[in-house]
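> My questions will all concern the structure given below.
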Amino acid sequence: MNCVAFVYKWVQGWPSADTFNQWRWEAADVFVYFSHQLVTLPPPGWVTAARQNGVKAPAAAGPTPWVQVLGTLITEGPAGRRSCERLFASEAAADRTAHQLAALAHYHGFDGWLVNIENNLGCNLLPHLLRCLRRLRLLLRERRGPDALLIWYDALTTHGTLCWQNALTELNQPFFDVCDGLFVNYG
């Protein structure tokens, strides 16, 4: 997985040559377009480049003949907690969140999402968050096909606390169980 942070969201390119370039698409299986905004959509140019240049290595050949491209849903700090309180306030709110994220991926032609909750979360919201993830995974499969992908970033525990596990543990297992994969901390 190649997770690249784009602070300034250069959708239309950048006039300087000192920006990030993805030169070895064939070495990537998943490309995450990431920024520290609530919702980050991969620009069409990156999605097209991944489709045109990404080729899975023969040893990893499977149903996806291209690099999968993911957007990012991220919440951080006190503002992130407030966002979570809106996004996962109830079953209905969780369902709306899942529907909107799946619709964005479908409309913009990318394969799924990296979900990164980097703030404490009230335990009352955890069931709604899990419902959202389950629903989002199902909707992505319906709209994007069997190669859709939902990845959970290891930051939040089942106690609602921000605590990186750096491995699959009982404290992040329920999130992993409703997603397609786990992206552990950078360390």
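Read left to right, the sequence shown gives residues 488 to 674 (the working numbering).
Where is the CB? At the ideal position from N, CA and C, for every residue including glycine.
Can you tell which of Glu572, Val554, Leu601 has the C-alpha that lies nearest to the C-alpha of Phe521?
Looking at the Cα atoms, Leu601 is the closest of the given residues.
> Could you give the DSSP three-state label for Val526: helix, strand or coil?
Here Val526 sits in strand by DSSP.
> Is there contact between the region 567–585 and the region 526–539, where contact requires at least three CB pairs shorter than 8 Å?
In short, these stretches do not touch, since the Cβ pair count stays below three.
> Are at least three pairs of beta-carbons, each pair with one atom in the region 525–533 and one in the region 585–601, less than 8 Å apart?
Yes, the region 525–533 touches the region 585–601.
> For my contact list, Ala590 and Leu627 are in at a C-beta cut-off of 8 Å; report their separation, rounded to the angstrom.
Rounded, the Cβ-Cβ distance is 10 Å, inconsistent with contact.
> Which whole-angstrom value is the C-beta distance of Trp639 and Leu669, which I expect to be below 8 Å?
Their Cβ separation, rounded to whole angstroms, is 5 Å, which keeps Trp639 and Leu669 in contact under 8 Å.
> DSSP has Phe670 in a bridge; who is on the other side?
DSSP, once it has assigned bridges, lists Tyr640 as partnering Phe670.
> Helix, strand or coil for Val462 per DSSP?
Missing from the structure shown is residue 462; the chain here goes from 488 to 674 and no further.
> Pick helix, strand or coil for Glu657, following the three-state DSSP scheme.
Looking at Glu657 - three-state DSSP - the assignment turns out to be coil, as it is neither helix nor strand.
> For Glu578, which residues from the same chain have a beta carbon less than 8 Å from its beta carbon, with the 5 sequence-adjacent residues on both sides left out?
Once the five neighbours on either side are set aside, the close Cβ partners of Glu578 are His615, Arg618.
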